[in-house]
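*Asks:* Let me give you the structure first, and then I'll get to my questions.
Here is the structure:
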């Protein structure tokens, strides 16, 4: 039996609840934690140091926290977050530990990003909220102007049918022009969330679901960007302010598939239009309905057929190359800044590994991927 760590039992409970392991999610804990945490929280027995280190890693808090008299003051989860979900019936009553961890990680990455910008004497972009009426064309035109991406440039990005090129270009440009940090979740199912946004005056956050399709992530990206341009992280649930949700969807649709340009290309197939604009066929059907080029009945029929063919599918995010997956979750701008700080001597190799979650031996390959 290893030496026991004489923790504060109340801190064990605080760490578990903060990580979201409650309301049934505690059943997902590793067996050696699940069968013991009740006793640790009651003070009936102390964990061994090995057990505490494992708990610390699972609950995502330093081991020192378990010895504190009371919980520290931390920047906790935003109380109001807008989720774009597939349907209301599949919305869980509580956030999963996986989603909570992804939100905490996003805020930590934002702090790292800001600190490195300051160390490198680079400007931190202030996020501007435009003084616009709630008009989808005005918002769409504003977004296109500030991103400085013409419709012709957007159309030139088509490379392959899954539209990864569109997604990556949009993410990089939004970060460069507006300072919005864009990350993707790991291990969060689509029926819990497709995207969320956290407003900050500088470097707000958009978190996309890494299991969603590229097309789904593209539309969510501009839906959440519209929320940020309205000056909010959030509405507390889609159903509580449906008008705002409809407006954000309409702005995203009008921006990605402008009605006037759609009218000029109306004779093209839905598949070709999807590739022209870099969106899903579902979005094309919706824009055809919005612009009164198809009826509600035809839209319902086409989207039902589309759902039957594609279903509510989670993209497999667990396979593939580890390095590419990390770039996907953390974003190219995040890694580019870490590399710049490392090359400039601002951070050490150990700090690089800590911030990037990569080994130093992966730096050459990372540089090749990011910069060619």
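Residue numbers (this note's numbering): 46 to 417.
Glycine residues also receive a C-beta, built at the ideal position from the N, C-alpha and C atoms.
A quick note: this is a predicted structure, and the numbers were derived from the prediction, not measured.
Identify, in the order they occur along the chain, each residue of the same chain with its Cβ nearer than 6 Å to the Cβ of residue 157, setting aside the five sequence neighbours on each side.
*Replies:* Result list for residue 157: 400, in chain order.
*Asks:* Tell me whether residue 138 sits in a helix, a strand or coil according to DSSP, three-state version.
*Replies:* Because residue 138 sits at a pLDDT of 42, beneath the cut-off of 50, its placement in the model cannot be relied upon, and the point is left open.
*Asks:* So, for residue 183: in the same chain, excluding its five sequence neighbours on each side, which residues have a beta-carbon less than 8 Å away from its beta-carbon?
*Replies:* Taken in chain order, the residues that qualify are 177.
*Asks:* So, is residue 308 buried or exposed, given that buried needs 16 or more other C-beta atoms within 10 angstroms?
*Replies:* Exposed: under 16 other Cβ atoms inside 10 Å.
*Asks:* When you compare each of 302, 248 and 83 to residue 222 by their alpha carbons, which one comes out closest?
*Replies:* Minimum Cα distance to residue 222 is reached at 248.
*Asks:* Grab me the residues of residue 53's own chain with a C-beta within less than 7 Å of its C-beta, minus the 5 sequence neighbours each way, in chain order.
*Replies:* Counting only Cβ-Cβ distances below 7 Å, and skipping sequence neighbours, we find 111, 112, 113 and 114.
*Asks:* Going by DSSP, what residue range makes up the beta strand (DSSP E) through residue 66?
*Replies:* First-last for residue 66: undefined, no H or E at that position.
*Asks:* Mark residue 265 as exposed unless 16 or more other C-beta atoms lie within 10 angstroms of its C-beta, in which case mark it buried.
*Replies:* Per the 10 Å Cβ criterion, buried.
*Asks:* Should residue 416 go down as buried or exposed, given a rule of 16 or more other Cβ atoms within 10 Å for buried?
*Replies:* It counts as exposed.
*Asks:* What is the residue span of the alpha helix (DSSP H) that residue 298 lies within?
*Replies:* 287–301 is the extent of the alpha helix (DSSP H) around residue 298.
*Asks:* For residue 311, name the three-state secondary structure that DSSP assigns.
*Replies:* Coil, per DSSP.
*Asks:* Mind checking residue 87: buried by the 16 CB within 10 Å criterion, or exposed?
*Replies:* Residue 87 comes out exposed.
*Asks:* At 4 residues or longer, and completely inside the stretch 175–207: list those alpha helix (DSSP H) runs for me, N to C.
*Replies:* The stretch 175–207 contains these whole alpha helix (DSSP H) runs: 181–192 and 196–200.
*Asks:* Thinking C-beta only, is residue 346 closer than 8 Å to residue 324?
*Replies:* Cβ atoms of residue 324 and residue 346: not closer than 8 Å.
*Asks:* Does the distance from the C-beta atom of residue 289 to that of residue 212 stay below 8 Å?
*Replies:* In this structure, residue 212 does not lie closer than 8 Å to residue 289 by Cβ.
*Asks:* For residue 203, collect the residues of the same chain with a Cβ closer than 8 Å to its Cβ; drop the 5 residues on either side in sequence, then sort them by chain order.
*Replies:* Once the five neighbours on either side are set aside, the close Cβ partners of residue 203 are 210, 211, 320, 321 and 323.
*Asks:* Got a sec, what are the start and stop residues for the beta strand (DSSP E) residue 251 sits in?
*Replies:* First-last of the beta strand (DSSP E) with residue 251: 250–253.
*Asks:* Quick one: any contact between the stretch 145–153 and the stretch 77–86, if contact means 3 or more CB pairs under 8 Å?
*Replies:* Counting Cβ pairs under 8 Å, fewer than three are found: no touch.
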